[in-house]
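Undergrad: Protein chains in written order, with this note's numbering: chain A, 1 to 94; chain B, 95 to 187; chain C, 188 to 275; chain D, 276 to 598.
Even glycine gets a Cβ: it sits at the ideal position worked out from N, Cα and C.
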Amino acid sequence: MLATGLIYNMAGVALFALGLRAAVLHRALLGRVLAINVCGAGVFMVFVALAYQGPGQVADAVPHALVLTGIVVAVSATALALALGRSLRESGDE
Amino acid sequence: MIDFLSMLLIIIGVAFFAAGSIGLLRLPDLYTRLHALTKADNLGLGMIVIGLALLSGSLVMAVKLILVWILVLAGGAASAHLIAQQALRRERA
Amino acid sequence: MFNTQVILLIAALLLLLTMVLGLLRAMHGPSLQDRMLSVLLLGTGGVGLLMLLAFILEQPALIDVALVLALLAAMTAAALTRRKASDD
Amino acid sequence: MLAYLWNLLDLVLASLVVALGWAAVASTDLRRGVVLFIAFGLLLAIIWARLNAPDLALAEAAIGAGLSGALLLAALRDEPATVDDIAYKQGPVSWATGLLSLVVGGAFAWALLHAHSAADPMRLADQVSTHLEQSGVSNPVTAVLLNYRAYDTLLELAVLLAAVLGIIAVGQARPAYRPAGPLFGALVGWLVPLLIVTGGYLLWVGAHAPGGAFQAGALLAGAAVMLRLGGNPGAGLPSAVTQRWLLVSGVGVFIAVGLIVTVDGHAFLQYPHNGSGMLILLIESAATLAIATTLALAYIGGTAPVGQDVAPGEEFKNQGLSD
Chain A
1 MLATGLIYNM AGVALFALGL RAAVLHRALL GRVLAINVCG AGVFMVFVAL AYQGPGQVAD
61 AVPHALVLTG IVVAVSATAL ALALGRSLRE SGDE
Chain B
95 MIDFLSMLLI IIGVAFFAAG SIGLLRLPDL YTRLHALTKA DNLGLGMIVI GLALLSGSLV
155 MAVKLILVWI LVLAGGAASA HLIAQQALRR ERA
Chain C
188 MFNTQVILLI AALLLLLTMV LGLLRAMHGP SLQDRMLSVL LLGTGGVGLL MLLAFILEQP
248 ALIDVALVLA LLAAMTAAAL TRRKASDD
Chain D
276 MLAYLWNLLD LVLASLVVAL GWAAVASTDL RRGVVLFIAF GLLLAIIWAR LNAPDLALAE
336 AAIGAGLSGA LLLAALRDEP ATVDDIAYKQ GPVSWATGLL SLVVGGAFAW ALLHAHSAAD
396 PMRLADQVST HLEQSGVSNP VTAVLLNYRA YDTLLELAVL LAAVLGIIAV GQARPAYRPA
456 GPLFGALVGW LVPLLIVTGG YLLWVGAHAP GGAFQAGALL AGAAVMLRLG GNPGAGLPSA
516 VTQRWLLVSG VGVFIAVGLI VTVDGHAFLQ YPHNGSGMLI LLIESAATLA IATTLALAYI
576 GGTAPVGQDV APGEEFKNQG LSD
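#1: Using DSSP bridges, identify the partner residues of His-26(A).
#2: Are the segment 250–265 of chain C and the segment 427–437 of chain D touching, with three or more C-beta to C-beta distances below 8 Å?
#3: State the DSSP-derived secondary structure class of Asn-327(D), mapped to helix, strand or coil.
#4: Against chain A, which members of the segment 331–342 of chain D pass a CB distance test of less than 8 Å?
#5: Taking the continuous alpha helix (DSSP H) assigned at Leu-139(B), which residues delimit it?
#6: Taking Cβ positions only, does Thr-357(D) come closer than 7 Å to chain A?
#7: Which residues of chain C have a Cβ atom closer than 9 Å to the Cβ of Leu-572(D), listed in chain order?
#8: Gly-341(D) by DSSP, collapsed to three states: which one?
#9: Using 7 Å as the threshold, is the C-beta distance between Val-463(D) and Ala-451(D) below it?
#10: Is Thr-303(D) helix, strand or coil by DSSP?
#11: Quick one: list the residues of chain D neighbouring His-175(B), beta-carbon separation under 7 Å, in chain order.
#12: Can you find a C-beta in chain C that's less than 7 Å from the C-beta of Lys-133(B)?
#13: Using 10 angstroms around the beta-carbon of Arg-453(D), count the other beta-carbons present and answer buried if the total reaches 16, otherwise exposed.
#14: Let me see if you follow: with CB-CB separation under 7 Å, is Tyr-452(D) close to chain C or not?
#15: For Asp-359(D), which residues from the same chain have a beta carbon less than 8 Å from its beta carbon, with the 5 sequence-adjacent residues on both sides left out?
#16: I need the straight-line Cα distance from Trp-465(D) to Met-262(C), nearest angstrom please.
#17: Establish whether the CB of Ala-172(B) and some CB of chain D are separated by less than 7 Å.
#18: Mapping DSSP to helix, strand and coil, what is Leu-82(A)?
#19: Enumerate, from N- to C-terminal direction, the unbroken alpha helix (DSSP H) stretches of 4 or more residues contained entirely within the segment 477–544 of chain D.
#20: Quick check on Thr-191(C) - is its C-beta less than 7 Å from some C-beta in chain D?
#21: What separation, rounded to the nearest whole angstrom, lies between the Cα atoms of Ala-562(D) and Asn-327(D)?
#22: In angstroms with no decimal places, state the Cα-to-Cα distance between Leu-259(C) and Ile-105(B).
#23: For the segment 372–444 of chain D, list the beta strand (DSSP E) runs that are entirely contained and at least 3 residues long, ordered along the chain.
#24: I want to see whether chain C comes within less than 7 Å of Gly-373(D), judged by CB atoms only; does it?
#25: Spatial neighbours of Thr-537(D) within its chain, please: CB distance less than 7 Å, with the 5 preceding and 5 following residues excluded, ordered by chain position.
#26: Identify which residue in Asn-507(D), Ile-530(D) and Ala-314(D) has its Cα closest to the Cα of Leu-429(D).
#27: State the Cα-Cα distance for the pair Leu-195(C) and Phe-111(B), rounded to the nearest angstrom.
In structure tokens form, the structure reads like this:
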């Protein structure tokens, strides 16, 4: 029998590594932004998996609070990156 | 008895979902897939909702579940229509 | 007598498997609309799965999550199909 | 029996999420990548629900599956239509990066494995639950966010403010959408009020059940996105001056409350015991509006044009296939 936390921890690590590779290798900005988001989701998953304390138990609230703000910050950072990319393209020296 | 009935409904609901997924995979073009998916899935969700509402034994919970189902129905109908319309537009262009 | 929890969990597992099946369409496409259909499936199936999980885990708050998912899935489908004012 | 079924469900969910993440980033067709990423976000919400994190599931359902999907779809329209340069780098750099991420991932996995086999550590969770009664709210996540670690949340709101200032500084609003036809108009007509009501509900229940400012703000921003998709270029936001006040209100009210309690002899952000529930609700209400405005402006991609509401009746002019 496998521990639930371990399964999702390893999935999180896999997502992190996948995202890292793609963030470097993608040529298009949007592709890199997607990759960084997947990378971040991997980190979130590790956090939430570490917070999990078994069935019927209340999970640890501290990592949850960190990930909650992380999700909102990630989407704002994504929007900022896209806005920067757009103004680069419009100024024509991409 | 009520438990049995609700389990039966939930399993039937899952079977509808399976039909929808198979339709999505096997049918030949977008419009038929749309047809298979939206009808089967929304009906399947309805079965699951009724099953769970029976199981919960609480009126508030049952009303809440059914409300969510109605929202999914309305949202799914609108989304399916919009997607079909966009596909038609692409075809004509 | 049967175990309600086990049956609900089996139902959740089967529902998840049908969603995996539907996601193959998202991978294959061919058109953007086809992929979006499979996101619609994931939305509806996700609502069902969250409701089942709400009962299995005895967490009524997951019904709220299902509600939010239903609202936002409709928004995503809408976002896909809208056109800019400048298009014709 | 139950345990094995859970294991099976976990394995399916975990492999599905990795497969989707892989497919989303490995795709050389960005449109495919974006739609797969939306599916990825939906699945994450389900995983958070399974891992007893309903607060996160709410936020992910609103943001991961909804807002960032709408944002990325809008960004997709900005991209030039040609897909020539949309590809992966090839050659030695590809190998080196693959190796590097394998090493980094391996080290990460090794560290986590050790953390799992180590003895059960002392968890902050015990501290959180012991002092929950004094925090003024009974939802532990809200207590951590707004009370125990209020400094963190204050700074996170500041990060959001910095991000949106950057967006306003560099970006112009994306082109508006055409006015809604009858079907889309009806969808906007019922979805927007529901999003707003659900947002208010989540803000209120956040004190004792999953919910709170971040989720509520995301839902309000979803309402703004729907309005903009329906052809309202300003997304229902108030005038530019009011927008700026709303943007700073989150950080502003937070700091003001933190300072006001110091008058009473408390430390900065150390709430008095009997009034903490009300103070938290006050901060959260301001934060909700600030987060909603931030996310709406992030979607629009710059300062929103205001006062171009479509005249009544105008929206039904282009009928037929106009949705």
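TA: Reading off the structure:
#1: Tyr-363(D)
#2: Segment contact: the segment 250–265 of chain C against the segment 427–437 of chain D, fewer than three CB-CB distances shorter than 8 Å; contact not assigned.
#3: coil
#4: Leu-331, Ala-334, Glu-335, Ile-338, Gly-339 and Leu-342
#5: 124–150
#6: In this prediction, Thr-357(D) scores a pLDDT of 49, lower than 50, which makes its location untrustworthy; the coordinate-derived value is nonetheless stated afterwards. Not closer than 7 Å to any Cβ of chain A, the Cβ of Thr-357(D) fails to qualify, so no.
#7: Within 9 Å Cβ-Cβ: nothing; Leu-572(D) doesn't reach chain C, min ~17 Å.
#8: helix
#9: no
#10: coil
#11: His-175(B) reaches chain D at Leu-458, counting residues in chain order whose Cβ is nearer than 7 Å.
#12: no
#13: Under this definition Arg-453(D) is a buried residue.
#14: yes
#15: In this prediction, Asp-359(D) scores a pLDDT of 49, lower than 50, which makes its location untrustworthy; no coordinate-derived value is stated.
#16: 12 Å
#17: yes
#18: helix
#19: 488–504 and 515–538
#20: no
#21: 25 Å
#22: 27 Å
#23: Runs found: none.
#24: Under the Cβ distance rule, Gly-373(D) does not count among the residues neighbouring chain C, no pair being separated by less than 7 Å.
#25: Phe-543
#26: Ile-530(D)
#27: 15 Å
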